[in-house]
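K.L.:
Once you've had a glance at the structure underneath, I'll fire off some questions.
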Amino acid sequence: MTDAAELRRRTQELLAAHPPATTDRLGFLRARFDAGLAWVHYPEGLGGLGAPRSLQAVVDEELAAVGAPDNDPRRIGIGLGMAAPTVLRYGTDEQKARFLRPLWTGEEVWCQLFSEPGAGSDLAALGTRAVREGEDWVIDGQKVWTSSAHLARWAILIARTDPDAPKHAGITYFVCDMTDPGVEVRPLRQITGEAEFNEVFLTGVRIPDSHRLGEVGDGWRVAQTTLMNERVSIGGMRLPREGGMIGPVAKTWRERPALRTHELHQRLVKLWIEAEVSRLTAERLRQQLNAGQPGYEGSGMKLAFARLNQEISGLEVELRGEEGLLYDDWTMRRPELVDFTGRDAGYRYLRSKGNSIEGGTSEVLLNIVAERVLGLPAEPRTDKDVPWKDLAR
Amino acid sequence: MSTPNAEPDLLYSEEEEALRAAVRDLLTDHCGPAAVIARTESDTPYDPALWKQLAEGMGLAGLLIPEVRGGQGASHREVAVVLEELGRAVAPVPYLTSAVVATEALLACDDAELLERLASGRTVGALAVSLTTAPGAPFATARVEGGSLHGELTSVADAVAADVLLVPADDDNLYAVAADAVTRTPRIPLDLTRPLATVTLDGAPGRSLGPAEPAVRRALRAGAGLLASEQLGVADWALTETVRYLKERKQFNRPVGGFQALKHRLAQLWLEVVSLRAAARAAADALTTGHDTGLTVAVAQSYASPVAVHATEEALQLHGGLGMTWEHPVHLYLKRAKADSLAYGSAGAHREAVAGLADLPIPASG
């Protein structure tokens with residue numbers, strides 16, 4: 001059993017063997033992975049020690065205290081939050097050994113090829129085809145809303161391998177090499193002016209069968225692991241008070257008395273309270289996860305933050321008065337991260353419109369809460385037992 | 001803007017869950033909705049037998065009182081769990097008013113004699129301040145004339161159930177006054193399960209307990225903070241019961257709960273209730289630790305009132321005609337939720353408190 005004291009001892013050993021002051025960043029991260037201190041709840045040999053997930057904080061605090069280099073979880077969030085748990089659960093030993101270390105160190109960025117122009121919230125309607133040719137699968141189709149595709153070395157991909165099966169049954173899950181010549185990434189410019197996402201065109205892309213995750217036709221079940229982990233990572237954030245969108249608005253309110261009106265004050269205080277309650281709700285979810293009692297709150301946190309972000313950023317534009325008529329920069333940029341705080345109020349207002357769409361629309365999430373949490377009857381399904389090829393599109 | 005040094009403990013301990021189970025069992029056996037409705041039409045709207053079981057049988061009246069004063073030496077966290085269950089049953093007992101509000105006032109004065117009597121549950125106390133008073137707001141006082149108390153205090157919750165009234169007076173002291181030395185005129189309350197009375201003092205003798213202001217302030221702050229847990233219980237009942245009903249009730253040859261318009265409303269309500277749980281737990285924990293208490297209580301109370309009212313209003317609407325009947329208990333919860341939204345300060349009063357404590361100043365006049 002690995003306990004906190006044991007983890008502290010191992011962390012100190014790592015620091016002694018690889019002093020951060022004289023070790024390059026990548027070298028240190030690789031050593032940390034090999035010492036099992038990357039994600040302590042992963043198995044030994046794969047960056048972990050099979051320790052309880054809650055003990056990760058012990059390692060992180062020890063390393064942060066001495067300023068040891070860290071990876072960039074925001075930049076490699078899709079790999080960490082979605083690809084890694086899926087590879088861990090469904091990957092072969094070879095796949096785990098190949099993919100997990102460079103994923104965790106950030107040497108290899110991952111993206112996610114799930115959504116399609118015709119399959120967004122109805123993800124299982126996807127039409128990208130994968131056809132078996134010898135030891136390879138040949139992929140043809142189009143994906144959309146792919147963040148980091150222009151930076152990624154690997155992608156998690158779901159594609160249709162059996163059009164004669166009902167839509168959930170004929171899907172298979174792959175790891176796609178983004179350097180394959182059949183992969184074309186085009187920026188997708190958004191209402192903010194920047195191109196944070198991409199369209200990805202897949203034309204005769206060859207994926208070896210050894211890069212399949214899970215059984216042929218079992219891709220929908222594998223994808224559920226990915227999506228569940230996405231929701232946990234969205235809900236499991238730890239925020240300080242005023243750590244979200246309310247922060248810049250409260251700051252402006254304090255610093256610029258001339259902008260204050262009574263009507264805005266009423267709305268601001270109400271939203272401040274809602275932001276604080278949502279923060280506490282996310283914190284309660286985090287405490288539940290750490291105590292090994294996962295709650296359902298995660299499904300709701302994304303709904304709450306989307307609505308709050310939109311209301312708060314809308315208020316912020318109004319609060320700025322004449323400045324609210326202006327925008328900071330319409331240049332088509334390619335940001336690696338969604339940077340809410342580095343931009344102006346107008347950007348926050350426009351970008352937050354995506355919060356109720358990306359990663360599951362709020363309407364779909366409300367259905368999920370109603371059905372999976374409250375146990376209410378499911379929506380009528382007319383597509384469940386029909387072969388995918390016979391569905392209207 | 002200060003950030004909390006440590007996050008509050010927002011979970012329930014095993015002991016708290018055991019306490020919840022015990023209280024819920026008792027209420028299931030002795031506080032069914034039909035009995036509560038029948039009692040609201042009787043001469044004693046509160047339930048003395050239930051109070052005796054809670055207070056004397058389970059020792060819950062003294063949870064906040066230290067063991068040296070005859071209590072259990074527990075914390076606001078445990079009291080919050082009791083209040084969640086009492087809210088879930090709209091139990092007609094003076095628990096919040098006696099075991100929390102009056103008790104906190106006496107703890108501020110450290111009055112050993114009355115604390116021991118309240119801890120046993122054999123004496124019920126009530127703070128003679130209007131139920132609508134927010135923590136920190138001004139409150140009415142009795143006049144001290146010739147060594148006795150005079151005046152009229154309105155909207156005193158559970159005064160009819162009380163044996164002793166804690167009366168603030170115009171000499172800035174808090175007095176203990178025997179209930180039978182005053183006239184208590186019951187008013188017809190919106191919430192029949194929490195009776196209100198006007199208290200008239202006509203030369204009533206009182207014993208000075210100490211300065212009124214800090215005692216009343218402390219009592220109302222604990223009352224407001226823990227009321228959020230009662231409101232959580234009310235809201236949780238409304239959600240749970242409505243979901244249960246909508247799974248059974250069929251219209252247009254389908255369970256009503258399968259219609260997306262209703263599913264989305266219930267999912268939204270669920271999100272409000274889980275958020276209220278976090279806010280109410282934070283308030284109970286802040287009262288226990290004394291850390292960041294004022295702001296956390298004001299946040300919880302300003303969030304709790306609209307959610308509890310919304311939950312019970314949704315429950316009424318989604319029960320259809322049944323929800324409008326006297327026979328179905330949903331009206332008990334709606335009335336409790338609406339009255340609670342005025343108790344110990346409205347949501348608006350607590351939002352003003354948040355504005356001050358979070359440094360979000362109101363605009364300069366003009």
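These protein sequence lines map, in sequence, to chains A and B.
In this text, residue positions in the first sequence follow full-length UniProt numbering: the first is 1, and each later residue adds one.
In this text, residue positions in the second sequence follow full-length UniProt numbering: the first is 1, and each later residue adds one.
A virtual CB, placed ideally from N, CA and C, is assigned to each residue, including glycine.
With the cut-off set at 9 Å, would you say A:Phe305 and A:Asn355 are in Cβ contact?
P.N.:
To locate residue 305 of chain A, count along the first sequence from 1; it is residue 305. To locate residue 355 of chain A, count along the first sequence from 1; it is residue 355. Contact flag set, yes.
K.L.:
With which residues is A:Pro208 paired in a DSSP beta bridge?
P.N.:
Within the first sequence, numbered from 1, the residue matching residue 208 of chain A stands at position 208. For A:Pro208, DSSP records a beta bridge to A:Asp136.
K.L.:
Closest by CA to B:Leu246, which one among B:Leu11, B:Leu322, B:Ala169, B:Trp326?
P.N.:
Against the second sequence, residue 246 of chain B aligns to sequence position 246. With distances taken between Cα atoms, B:Leu246 lies closest to B:Leu322.
K.L.:
Pick helix, strand or coil for B:His150, following the three-state DSSP scheme.
P.N.:
Here residue 150 of chain B is taken as the residue at index 150 of the second sequence, counted from 1. Of the three classes helix, strand and coil, the one that applies to B:His150 here is strand, per DSSP.
K.L.:
So with CB distances below 8 Å, who are the chain A contacts of B:Leu11?
P.N.:
Locating residue 11 of chain B in the second sequence gives position 11, counting from the first residue. Simply Arg284, Gln287, Gln288, Ala291, Gln293.
K.L.:
Beta-carbon within less than 7 Å of A:Pro52's beta-carbon, same chain only, minus the 5 sequence neighbours each way: which residues are those?
P.N.:
Taking the first sequence and counting its residues from 1, one reaches residue 52 of chain A at position 52. Result list for A:Pro52: His41, in chain order.
K.L.:
Closer than 9 Å, CB to CB, is B:Pro361 near chain A or not?
P.N.:
Within the second sequence, residue 361 of chain B is the residue found at index 361, counting from 1. Output row for B:Pro361: interface = yes.
K.L.:
Flag this pair as yes or no: are the beta carbons of A:Ile207 and A:Trp137 separated by less than 9 Å?
P.N.:
On the first sequence, residue 207 of chain A is found 207 positions in, with the first residue counted as 1. On the first sequence, residue 137 of chain A is found 137 positions in, with the first residue counted as 1. In contact: A:Ile207 and A:Trp137 (Cβ atoms closer than 9 Å).
K.L.:
Check whether the stretch 209-222 of chain A and the stretch 281-295 of chain A are in contact - that is, three or more C-beta pairs closer than 8 Å.
P.N.:
Taking 8 Å as the limit for Cβ pairs, the verdict is that the stretch 281-295 of chain A does not touch the stretch 209-222 of chain A.
K.L.:
So, does the CB of B:Ser75 fall closer than 9 Å to a CB anywhere in chain A?
P.N.:
Within the second sequence, the letter at position 75 stands for residue 75 of chain B. With 9 Å as the cut-off, B:Ser75 does not count as an interface residue toward chain A.
K.L.:
Going by beta carbon distance, what residues of the same chain come within less than 7 Å of B:His30, once the five residues before and after it are set aside?
P.N.:
As a working mapping, residue 30 of chain B is identified with position 30 in the second sequence. Hits under 7 Å: Leu50, Gln53.
K.L.:
Measure how close the beta-carbons of A:Trp154 and A:Trp110 come, nearest whole angstrom, since I'm counting them as under 8 Å.
P.N.:
As a working note, residue 154 of chain A is residue 154 in the first sequence. As a working note, residue 110 of chain A is residue 110 in the first sequence. The pair is a contact, with the Cβ atoms about 5 Å apart (cut-off 8 Å).
K.L.:
Where do the N-terminal and C-terminal ends of the alpha helix (DSSP H) with B:Ser275 fall, by residue?
P.N.:
Mapped onto the second sequence, residue 275 of chain B falls at position 275. 260-289 is the span of the alpha helix (DSSP H), which, as asked, contains B:Ser275.
K.L.:
Cα-Cα, which of B:Ala162, B:Gly206, B:Glu327 is closest to B:Arg122?
P.N.:
For this step, residue 122 of chain B is matched to residue 122 along the second sequence. Closest by alpha carbon: B:Ala162.
K.L.:
Strictly by DSSP, which residues pair up with A:Ala130?
P.N.:
Indexing the first sequence from 1 puts residue 130 of chain A at position 130. Note: A:Ala130 sits in a beta bridge opposite A:Ile139.
K.L.:
With 8 Å as the C-beta to C-beta threshold (strictly closer), list the residues of the stretch 272-295 of chain B near chain A in chain order.
P.N.:
Val274, Ser275, Leu276, Arg277, Ala278, Ala279, Arg281, Ala282
K.L.:
Taking 9 Å as the CB-CB cut-off, is A:Thr281 touching chain B?
P.N.:
As a working note, residue 281 of chain A is residue 281 in the first sequence. Closer than 9 Å: yes.
K.L.:
Using the beta-carbon count (16 or more within 10 Å), is B:Phe252 buried or exposed?
P.N.:
To locate residue 252 of chain B, count along the second sequence from 1; it is residue 252. So B:Phe252 counts as exposed.
K.L.:
Pick from B:Asp236, B:Leu295, B:Ala176: whose alpha carbon is nearest that of B:Ser208?
P.N.:
The count along the second sequence starts at 1 and reaches residue 208 of chain B at position 208. Ranking the options by Cα distance to B:Ser208, first place goes to B:Ala176.
K.L.:
For A:Arg132, count the other beta carbons within 10 Å of its own beta carbon; 16 or more makes it buried, fewer makes it exposed. Which is it?
P.N.:
For the purposes of this step, residue 132 of chain A is taken as residue 132 along the first sequence, with counting starting at 1. The residue in question, A:Arg132, is exposed, as its Cβ has fewer than 16 Cβ neighbours within 10 Å.
K.L.:
Using 10 angstroms around the beta-carbon of A:Gly235, count the other beta-carbons present and answer buried if the total reaches 16, otherwise exposed.
P.N.:
As a working mapping, residue 235 of chain A is identified with position 235 in the first sequence. Below a pLDDT of 50, predicted positions are generally treated as unreliable, and A:Gly235, at 48, falls in that range; the measurement from the model is reported next regardless. Its Cβ being crowded by 16 or more others within 10 Å, A:Gly235 is buried.
K.L.:
Should B:Asp202 and B:Thr185 be called a contact, given that it needs their Cβ atoms to be closer than 9 Å?
P.N.:
Here residue 202 of chain B refers to the residue found at position 202 when the second sequence is read from its first residue. Here residue 185 of chain B refers to the residue found at position 185 when the second sequence is read from its first residue. No, Cβ-Cβ distance for B:Asp202 and B:Thr185 is not below 9 Å.
K.L.:
If you count every other CB in all the chains shown that lies within 10 Å of the CB of A:Trp39, and 16 or more means buried, which is it?
P.N.:
Counting from one through the first sequence, the residue named residue 39 of chain A turns up at place 39. Under this definition A:Trp39 is a buried residue.
K.L.:
Rounded to whole angstroms, how far is the Cβ of B:Ala298 from the Cβ of B:Ala353, which I believe are closer than 8 Å?
P.N.:
Your numbering for residue 298 of chain B matches position 298 in the second sequence. Your numbering for residue 353 of chain B matches position 353 in the second sequence. Separation of the CB atoms of B:Ala298 and B:Ala353 is rounded to 4 Å, and the pair is thereby assigned contact status at 8 Å.
K.L.:
Between the stretch 71-87 of chain B and the stretch 225-235 of chain B, do three or more beta carbon pairs fall short of 8 Å?
P.N.:
yes
K.L.:
Looking at the strands, I want to know which residues DSSP matches up with A:Gln112.
P.N.:
Within the first sequence, numbered from 1, the residue matching residue 112 of chain A stands at position 112. BP columns for A:Gln112 point to A:Ile156.
K.L.:
Mapping DSSP to helix, strand and coil, what is A:Glu379?
P.N.:
Working through the first sequence from its first residue, we reach residue 379 of chain A at position 379. Looking at A:Glu379 - three-state DSSP - the assignment turns out to be coil, as it is neither helix nor strand.
K.L.:
Please list, in chain order, the residues of the stretch 330-356 of chain B that have any C-beta partner in chain A closer than 7 Å.
P.N.:
Arg351, Val354, Ala355
K.L.:
For B:Leu190, count neighbouring C-beta atoms within 10 Å of its own C-beta (all shown protein chains included) and say buried if the count is 16 or more, exposed if not.
P.N.:
Within the second sequence, the letter at position 190 stands for residue 190 of chain B. Answer is exposed; the Cβ neighbour count stays below 16.
K.L.:
Does DSSP put B:Glu84 in a helix, in a strand, or in coil?
P.N.:
Residue 84 of chain B sits at position 84 when you count from the first residue of the second sequence. Helix, per DSSP.
K.L.:
Examine the Cβ distances between the stretch 76-84 of chain B and the stretch 33-42 of chain B and report whether three or more of them are shorter than 8 Å.
P.N.:
no
K.L.:
Which residues in chain A have a C-beta closer than 9 Å to the C-beta of B:Pro255? List them in chain order.
P.N.:
Residue numbering aside, residue 255 of chain B sits at position 255 when the second sequence is read from its first letter. Chain A residues near B:Pro255: Leu376, Pro377.
K.L.:
Distance cutoff 9 Å, beta carbons only. Does B:Trp237 sit that close to anything in chain A?
P.N.:
Residue 237 of chain B sits at position 237 when you count from the first residue of the second sequence. With 9 Å as the cut-off, B:Trp237 does not count as an interface residue toward chain A.
K.L.:
Would you mind stating whether B:Tyr303 and B:Ala337 have Cβ atoms separated by less than 9 Å?
P.N.:
Numbered from its first residue, the second sequence carries residue 303 of chain B at position 303. Numbered from its first residue, the second sequence carries residue 337 of chain B at position 337. Cβ atoms of B:Tyr303 and B:Ala337: not closer than 9 Å.
K.L.:
Assuming A:Leu126 and A:Arg160 form a contact by the criterion Cβ under 8 Å, report the distance between their Cβ atoms to the nearest whole angstrom.
P.N.:
Within the first sequence, residue 126 of chain A is the residue found at index 126, counting from 1. Within the first sequence, residue 160 of chain A is the residue found at index 160, counting from 1. 6 Å between Cβ atoms; contact.
K.L.:
Write down every uninterrupted run of the alpha helix (DSSP H) in the stretch 31-85 of chain B whose length is 4 residues or greater and which is fully enclosed by it, in chain order.
P.N.:
Qualifying alpha helix (DSSP H) stretches, in chain order: 33-40, 48-52.
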